[in-house]
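Written below as structure tokens is the structure these notes are about.
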Amino acid sequence: MSRVSASTISLLVSVMFVWAANGLCFTLLALRMSIEGFDTMDIGLVTTGYFFGQLLGAIFFGIIIERVGHVRAFAAFASLLSAGVIGYVLYVDLIVWSCIRVLHGMCIAGLLMVVESWLNGSVSNKSRGRLLALYTIVQSISMSLGQQLLNLEEPNSFILFALASIFFSLALLPLVLSRSVSVGEVVPSRLKFRELIKISPLGVMGSLGSGALVSILIGLSPIYLGTLGLSISQIALFMSVIIFGGLIVQYAVGRTSDIFDRRTIIAIALFCGGSLCLAISLTPGLNFWTLLGLTTIYSGIIFAVYPLSVAHANDYLEVDDLVPASAGLIMAMAIGATVGPLVTTMYMEYFGNSGFFVFSSIICFMIGGFAIFRMSRRSAPDMKDQGPYVLVSRTTPASVELDPRT
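For reference, each letter of the sequence shown is one residue, going 4 to 409 in my numbering.
Structure below.
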């Protein structure tokens, strides 16, 4: 095996440990907070803290990485993540947990910037598309499998938090023991959003909405499912299936957009997503398998919105603008992810558990309607000039260098 391929595999193994632990933390924290008696708004605040931290990390941690080096930065971020997870069980308090969750999000952003920039330097240009797809698939599978760790112990025990801490620590080994490769540059994250909005307002709105929709689904689903009386094993299965099953649906939706006007696909997908949200909200008493099937289709739709938005924006961009624009869209997505869970918990306080899908349906219909409006304001690009749909990662600005279109 070549040095480059061995190094790439070691990096992907690190990604597996990170996303298995991160996926476990999402569900575990929501369930543990419910057990500890926190209300829905409190859980939404802590969930929002993670995405706010990820936004801050993506903006500021590139400077730290450049100063101390990729390996040292990775070690620092992984160590903080490992310690932070233990901090949750040492002191159960809303403010403390919110602060740890912000730190958690910042460290995840920094850690992934290291991995993504390192991966960027480990492959040739012609291999980047395959590597990006593999990287995204590894993330989804690992996060999906991480949910199954919930079956090992009750959420109110120390064991699951210890497992997450161990996984974050194990993520260090493959990277620090791998041979050095050339490391890609960390993409600057300070961008002129005003120019990006002028070039592709639908791209920005789609990314913003995608961040909100995905953060709501991944961050708050355990609470919603708990109010339905589902067991821990059912919640773990539900989360695993919507994450991995959604990846398959996402790919099917995305490939369709290479054939038709992408704005049409965005509008249809979001109207379908909004309709599914309303159907679930207005149909109490759905059995587990029906709810799982409908939500898996919905998850695939909303997972596809961000890659569709990036592909749509790229259709109107000059080659030199692709990298900063893609980084800007990631920032827009992070802003949406910060706001989404907090607003949704307000709806859940007012409407009960049916409010979980209400705000998501509003987002879907609003952005779907905006896509139709944009179709009346600008003609579609020539199909032969329309760029391909690519399964892209929703992590940090460093990931845009892996996109073969940039």
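Built from N, CA and C at the ideal position, the CB exists for glycine as well.
- Between L228 and F241, the gap from beta carbon to beta carbon is short of 8 Å.
- DSSP places N317 in the uninterrupted alpha helix (DSSP H) bounded by 291 to 317.
- Taking every protein chain shown into account, the CB of E157 has fewer than 16 other CB atoms within 10 angstroms, so this residue is exposed.
- Of the residues I365, V342, A239, G56, the one whose Cα lies closest to the Cα of L153 is A239.
- In the three-state reduction of the DSSP assignment, Y227 falls in the helix class.
- For A174, the three-state secondary structure derived from DSSP is coil.
- Spanning the alpha carbons of L166 and G149 requires a straight line of approximately 10 Å.
- Closest in C-alpha terms to Q142, from the list T43, S243, I300, comes S243.
- Within its own chain, the residues whose Cβ lies closer than 6 Å to the Cβ of A270, once the five positions on either side in sequence are excluded, are G371, A374, I375, listed in chain order.
- Residue environment: E352 is assigned as exposed (fewer than 16 neighbouring CB atoms within 10 Å of its CB, all protein chains considered).
- Residue range 361 to 380 is occupied by the alpha helix (DSSP H) that includes S363.
- Within its own chain, the residues whose Cβ lies closer than 8 Å to the Cβ of V342, once the five positions on either side in sequence are excluded, are T51, A215, listed in chain order.
- Ranked by Cα distance from T139, the first of W22, L294, L84 is W22.
- Rounded to the nearest whole angstrom, the CA to CA distance from F354 to S364 is 14 Å.
- Look at D96 here: in three-state DSSP terms it is coil, with no helix or strand label.
- M146 has its alpha-carbon roughly 21 Å from the corresponding atom of F291.
- Assigned with DSSP and collapsed to three states, G358 falls in helix.
- Distance between V95 and M44, taken at the CA atoms: about 16 Å.
- Distances from the CA of S82 to each of M19, G249, A174, S203 were compared; the closest alpha carbon is that of A174.
- A check of alpha carbon separations from M349 across L163, Q57, L231, L48 identifies L48 as the nearest.
- Straight-line measurement puts the Cα of M208 at about 8 Å from the Cα of A335.
- Put simply, the segment 262 to 280 does not touch the segment 70 to 77. Fewer than three CB pairs are less than 8 Å apart.
- For F63, the three-state secondary structure derived from DSSP is helix.
- In the structure shown, T286 falls within a coil segment according to DSSP collapsed to helix, strand and coil.
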